[in-house]
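To start, the structure under review is shown below, and the notes come after it.
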Amino acid sequence: GENVEQHPSTLSVQEGDSAVIKCTYSDSASNYFPWYKQELGKGPQLIIDIRSNVGEKKDQRIAVTLNKTAKHFSLHITETQPEDSAVYFCAAGHPFNDYKLSFGAGTTVTVRA
Amino acid sequence: DVKVTQSSRYLVKRTGEKVFLECVQDMDHENMFWYRQDPGLGLRLIYFSYDVKMKEKGDIPEGYSVSREKKERFSLILESASTNQTSMYLCASKGGGSYSYEQYFGPGTRLTVT
Numbered sequence: 129g130e131n132v133e134q135h136p137s138t139l140s141v142q143e144g145d146s147a148v149i150k151c152t153y154s155d156s157a158s159n160y161f162p163w164y165k166q167e168l169g170k171g172p173q174l175i176i177d178i179r180s181n182v183g184e185k186k187d188q189r190i191a192v193t194l195n196k197t198a199k200h201f202s203l204h205i206t207e208t209q210p211e212d213s214a215v216y217f218c219a220a221g222h223p224f225n226d227y228k229l230s231f232g233a234g235t236t237v238t239v240r241a
Numbered sequence: 090d091v092k093v094t095q096s097s098r099y100l101v102k103r104t105g106e107k108v109f110l111e112c113v114q115d116m117d118h119e120n121m122f123w124y125r126q127d128p129g130l131g132l133r134l135i136y137f138s139y140d141v142k143m144k145e146k147g148d149i150p151e152g153y154s155v156s157r158e159k160k161e162r163f164s165l166i167l168e169s170a171s172t173n174q175t176s177m178y179l180c181a182s183k184g185g186g187s188y189s190y191e192q193y194f195g196p197g198t199r200l201t202v203t
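Protein chains in written order, with the working numbering: chain A, 129 to 241; chain B, 90 to 203.
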């Protein structure tokens, strides 16, 4: 099955700096890569996703890049704010299993004021 | 907005008890999932259902069963709870069809088995 590895496990950044989280996946059939944000006491919520027909996608301060050859993808958060503090999960899915997702272990991001 | 609700936020049970975790979604989604979340392990799929009365095992089904009698409701059952089932349990739903990708999660149930 698919194996998704995520690094780092914790990340502390100064407010206003950038944060980068990296993930690798093992199944070359995977073609859907979402990122979920989990705030304290809540369930994960989709913040951005990318499909394998594009290499980069941006939504305001967050962006995701994908390198299919190397089988890795990354989340970039610019101009971090205190409300960006949360646990972030990457995941991978593909159509052959109806896009059931395999998740990374998560990254706890802390934005220092 | 899609809403996924779980019956309890916190639950404390004794070893050997039968435990029911309930999940309800209001978006008429075909697919529903039960995950277990543990520190350092991320979200691991226990079971999923792609239609009423249909279910498939996920990555860690041992010690769990599920029931889906109605489209909006998906139950996770621990037949005989054990301490290693102490965890956060998350339910999610997803629409059917080729272009439905996003999973919508409930707030989670933190289960403690003593």
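The beta-carbon is built from N, C-alpha and C at its ideal position, and this holds for glycine as well. Quick caveat: nothing in here was measured; it's all calculated off a predicted structure.
| Item | Value |
| --- | --- |
| Enclosing beta strand (DSSP E) for G131/B [first to last residue] | 131-140 |
| Members of the region 143-161 of chain A near chain B, C-beta cut-off 8 Å | Y160 |
| beta-carbon G171/A near the ligand ZN non-hydrogen atom, thresh 7 Å | The ligand ZN is absent from the structure shown, which contains no ligands of any kind. |
| Rounded straight-line distance, which links the Cα of T206/A to that of I178/A | 18 Å |
| V155/B to D145/A span [Cα, whole Å] | 45 Å |
| Closest residue to F122/B among T201/B, P128/B, K183/B, S189/B (Cα-Cα distance) | K183/B |
| Counterpart residues of P162/A in DSSP-defined beta bridges | D177/A |
| Terminal residues of the beta strand (DSSP E) in which K185/A lies | 184-187 |
| Under 8 Å between C-beta atoms of V239/A and Q209/A | yes |
| For S176/B, the first and last residue of its enclosing beta strand (DSSP E) | 176-183 |
| Where N173/B sits in the DSSP three-state scheme | helix |
| Cross-strand partners of T235/A (DSSP beta bridge) | Y216/A |
| 8 Å Cβ cutoff, D187/A in contact with chain B | no |
| Nearest-angstrom Cβ-Cβ length linking L203/A and V192/A, presumed shorter than 8 Å | 6 Å |
| Close beta carbons around S140/A, own chain, < 7 Å, minus the five adjacent residues each side | T238, R240 |
| C-alpha gap between N181/A and R199/B, whole angstroms | 38 Å |
| Cβ contact check for the region 113-132 of chain B and the region 156-172 of chain B: 3 or more pairs under 8 Å | yes |
| Limits of the beta strand (DSSP E) - the one that I149/A falls within | 147-153 |
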